[in-house]
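Trainee: In the working numbering, the protein residues as written are -13 to 209. Heads up, the beta-carbon is just placed ideally off N, CA and C, and yes, glycines get one too. The structure's right below; bear with me while I get my questions together.
If you want it as structure tokens, here you go:
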């Protein structure tokens, strides 16, 4: 059974045909989908979608783009919301220095809050890391030193060193449709070296449709 470990079924791109999208995924052999939270304040919608389909699960958390507007989210709040039986992960949280939509200190603060929640619950933390390899590695090593926590480096497009650090710290590395792109030879080489028991796949739908669907709206059936 294949699993789309990271998609965004709550996004407006899917609003008119979620049932059809889930049906196409099931027909393609995708047995489970995890729809990922990007704002705690929109968690209700994420939960409602996951409750509507037996095969859809979800996470709870704040994307780094939204870190500044949700700095008041606490470890206790994340832990409490994660008690729902459909919640299987914390996040996505992390660092995004490509867009810098939120101040970097706010991103780091929010990231550490999510790490603490993952550590307390034992649920895997879905980590967003873009153009932030050095700071990401530093925080992961620092926080792991305080106590282990499960995590996934989602939609991996970083350098080899971060992948190696992630695996060494007990994490998973997840690859999206980017790995199929013509200019992604180095990323394919990194993926080939990730131990099979530490490698995941995802769509990150509606983004990053793989070849031969590049340029179209992505969906879980394409994983």
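1. Looking at C-alpha atoms only, which residue of 27, 162, 169 and 135 is the closest neighbour of residue 100?
2. What separation, rounded to the nearest whole angstrom, lies between the Cα atoms of residue 96 and residue 48?
3. Going by the CB atoms, is the gap between residue 206 and residue 9 shorter than 7 Å?
4. Need the endpoints of the beta strand (DSSP E) that residue 76 sits in, please.
5. Report yes or no: do the stretch 78 to 95 and the stretch 109 to 121 share at least 3 C-beta pairs separated by less than 8 Å?
6. Would DSSP call residue 158 helix, strand or coil?
7. From residue 26 to residue 57, what does the alpha carbon distance come to, in whole angstroms?
8. So residue 148 packs on residue 119, CB below 8 Å; how close in whole Å?
9. In three-state DSSP terms, what is residue 39?
10. Between the C-alpha atoms of residue 192 and residue 28, what's the straight-line distance to the nearest angstrom?
11. What's the gap between the Cα of residue 154 and the Cα of residue 188?
12. Is the beta carbon of residue 16 less than 7 Å from the beta carbon of residue 209?
13. Mind checking who residue 113 pairs with in its DSSP beta bridge?
14. How about the stretch 125 to 145 and the stretch 62 to 70: do they share at least three Cβ pairs that are nearer than 8 Å?
15. Provide the residue span of the alpha helix (DSSP H) that contains residue 98, from first to last.
16. Could you give the first and the last residue of the continuous alpha helix (DSSP H) run that contains residue 185?
17. If we call anything under 7 Å between Cβ atoms a contact, is residue 23 one with residue 59?
18. Would you mind sorting residue 38 into buried or exposed? The rule is 16 or more other CB atoms within 10 Å of its CB.
19. Have a look at -10, 92 and -13 and flag the residue whose alpha-carbon is nearest the alpha-carbon of residue 53.
Mentor: The answer reads as follows:
1. 135
2. 8 Å
3. no
4. 73 to 82
5. yes
6. strand
7. 11 Å
8. 5 Å
9. coil
10. 18 Å
11. 21 Å
12. yes
13. 79 and 139
14. no
15. 90 to 107
16. Counting along the chain, residue 185 falls outside any alpha helix (DSSP H), though it belongs to the beta strand (DSSP E) covering 185 to 187.
17. no
18. exposed
19. 92
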